[in-house]
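A.B. asks: Here's a structure for you.
Residue numbers (this note's numbering): 1142 to 1447.
This is the structure:
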């Protein structure tokens, strides 16, 4: 037995799920992803990771700018899918699209719902210092991540885990969870648990200004901020007129004015405790250990980082 699927996804996060579906017994009727975008210095249009993967597998790929028109809805419905699998697609699905597949649409969401609904659940989970999260397969509704949880896999968060590490873990484990959900959907045993009305939080998109490090917070809070934004978009501070990203750091003992460099190894004072900066990235350069950066940029003890 197999299901007839539509897959909807765009970035690398969605690739493990699409690979798992390609290798499964299920039939992929079409793959939807965002259109190619200009990228690089020449601004040449670049295919998304999902479009590249789908075309290499010989699958039909569709890249509509919107799904709201009558033609888009009719084309989607004409695929006569049993279910649509949605992983970081990047477009809102209007009600006619959500209801077109026989069993609706299943979305892979990398947070413990209803905590961290929205655009940046991985980053917000770590920035808040959460010690645990979950990977969820959610039935999609018109509301933002409001649908029932169909399956959930708990995930413990080590205190040093970065957003990049949680992203990769959720992508791989989420692929297996989605396959399990499809197996149970086909067997008629897939549960559907409404989300709680309490404990709802929204993971709004990270702004550049918000990524600035606030040394007036505790070292623990600064550490969560840094690892929650590593490697992208990267928490940053300014030294003189230059913006520098911090990709790896750890709390250490120390005290001083918030933002004050405490020693030659680039320990920086916070409101409580200090942060040892370990891996940094200057504008236009590759990430490097703090010791390497300090060979070409003087930040002596007493320097105040803004």
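Even for Gly, the Cβ is constructed at its ideal location relative to N, Cα and C.
Alpha carbon to alpha carbon, how far is residue 1366 from residue 1325?
C.D. replies: Cα-Cα distance, rounded: 38 angstroms.
A.B. asks: In terms of alpha-carbon separation, which member of 1190, 1194 and 1188 lies closest to residue 1163?
C.D. replies: With distances taken between Cα atoms, residue 1163 lies closest to 1194.
A.B. asks: Quick check on residue 1392: does DSSP put it in helix, strand or coil?
C.D. replies: Residue 1392 falls in the strand class under three-state DSSP.
A.B. asks: With DSSP collapsed to three states, give me the class of residue 1298.
C.D. replies: Here residue 1298 sits in coil by DSSP.
A.B. asks: Looking only at its chain, what residues have a beta carbon closer than 6 angstroms to the beta carbon of residue 1263, apart from the 5 residues adjacent to it on each side?
C.D. replies: Correct list, in chain order: 1251, 1304, 1307 and 1308.
A.B. asks: Reducing DSSP to helix, strand and coil, say where residue 1274 ends up.
C.D. replies: In this structure, residue 1274 counts as strand in the three-state DSSP scheme.
A.B. asks: Check for me: the alpha helix (DSSP H) holding residue 1367 runs from which residue to which?
C.D. replies: Here the alpha helix (DSSP H) through residue 1367 covers 1360-1369.
A.B. asks: Would you mind working out which of 1353, 1199, 1204 and 1224 sits nearest residue 1188, comparing C-alpha positions?
C.D. replies: With distances taken between Cα atoms, residue 1188 lies closest to 1204.
A.B. asks: Quick check on the DSSP output: the alpha helix (DSSP H) that includes residue 1217 runs from which residue to which?
C.D. replies: It spans 1211-1218 - the alpha helix (DSSP H) in which residue 1217 sits, taken as one unbroken run.
A.B. asks: Drop a sphere of 10 angstroms on the beta-carbon of residue 1268, count the other beta-carbons inside from all chains shown, and report buried for 16 or more, exposed for fewer.
C.D. replies: Classification of residue 1268: buried, given that the 10 Å Cβ count is 16 or more.
A.B. asks: What are the boundary residues of the beta strand (DSSP E) that includes residue 1441?
C.D. replies: From DSSP, residue 1441 is part of no beta strand (DSSP E); its letter is neither H nor E.
A.B. asks: When the Cα of residue 1349 is compared with those of 1368, 1321 and 1378, which residue comes out closest?
C.D. replies: For the residues 1368, 1321 and 1378, the minimum Cα distance to residue 1349 belongs to 1378.
A.B. asks: Three Cβ pairs or more, each shorter than 8 angstroms: is that satisfied between the region 1357-1372 and the region 1333-1343?
C.D. replies: No contact exists between the region 1357-1372 and the region 1333-1343.
A.B. asks: In this structure, how does DSSP classify residue 1308 when only helix, strand and coil are distinguished?
C.D. replies: Here residue 1308 sits in helix by DSSP.
A.B. asks: I want to check one thing, is the minimum distance from the CB of residue 1206 to the heavy atoms of the ligand FAD below 7 angstroms?
C.D. replies: Looking for the ligand FAD in the displayed structure turns up nothing, as the structure carries no ligands at all.
A.B. asks: Out of 1284, 1271 and 1290, which one is the CA nearest neighbour of residue 1278?
C.D. replies: Among 1284, 1271 and 1290, the Cα nearest to that of residue 1278 is on 1290.
A.B. asks: What does residue 1377 pair with, by DSSP beta-bridge criteria?
C.D. replies: DSSP, once it has assigned bridges, lists 1353 and 1386 as partnering residue 1377.
A.B. asks: Using 8 angstroms as the threshold, is the C-beta distance between residue 1158 and residue 1175 below it?
C.D. replies: The answer is no: Cβ separation not under 8 angstroms.
A.B. asks: CB-CB under 7 angstroms to residue 1256, same chain, minus the five flanking residues each way: which ones, in chain order?
C.D. replies: So the qualifying residues of the chain are 1340 and 1342.
A.B. asks: So which of 1323, 1275 and 1388 has the shortest CA-CA distance to residue 1312?
C.D. replies: Of 1323, 1275 and 1388, the residue nearest in Cα terms is 1275.
A.B. asks: What are the start and end residues of the alpha helix (DSSP H) that includes residue 1265?
C.D. replies: Residue 1265 -> alpha helix (DSSP H) spans 1262-1268.
A.B. asks: Using the rule of at least 16 other Cβ atoms within 10 Å of the residue's Cβ for burial, across every protein chain shown, is residue 1438 buried or exposed?
C.D. replies: Classification of residue 1438: exposed, given that the 10 Å Cβ count is below 16.
A.B. asks: Is the separation between the beta-carbon of residue 1449 and that of residue 1147 shorter than 8 angstroms?
C.D. replies: Outside the displayed span of the chain (1142 to 1447) sits residue 1449, for which this structure offers no information.
A.B. asks: Between which two residues does the beta strand (DSSP E) containing residue 1416 stretch?
C.D. replies: 1415-1423 is the extent of the beta strand (DSSP E) around residue 1416.
A.B. asks: If you run the structure through DSSP and keep just helix, strand and coil, what is residue 1341?
C.D. replies: Three-state result, residue 1341: coil.
A.B. asks: Taking the DSSP output, what are the residues bridged to residue 1169?
C.D. replies: BP columns for residue 1169 point to 1146.
A.B. asks: Just the C-alpha distance for residue 1404 and residue 1435, rounded to the nearest angstrom, thanks.
C.D. replies: Those two C-alpha atoms are separated by around 12 angstroms.
A.B. asks: Residues in its own chain within less than 8 angstroms of residue 1288 by CB, not counting five upstream and five downstream?
C.D. replies: The answer, listed in chain order, is 1248, 1279, 1280, 1281, 1282 and 1336.
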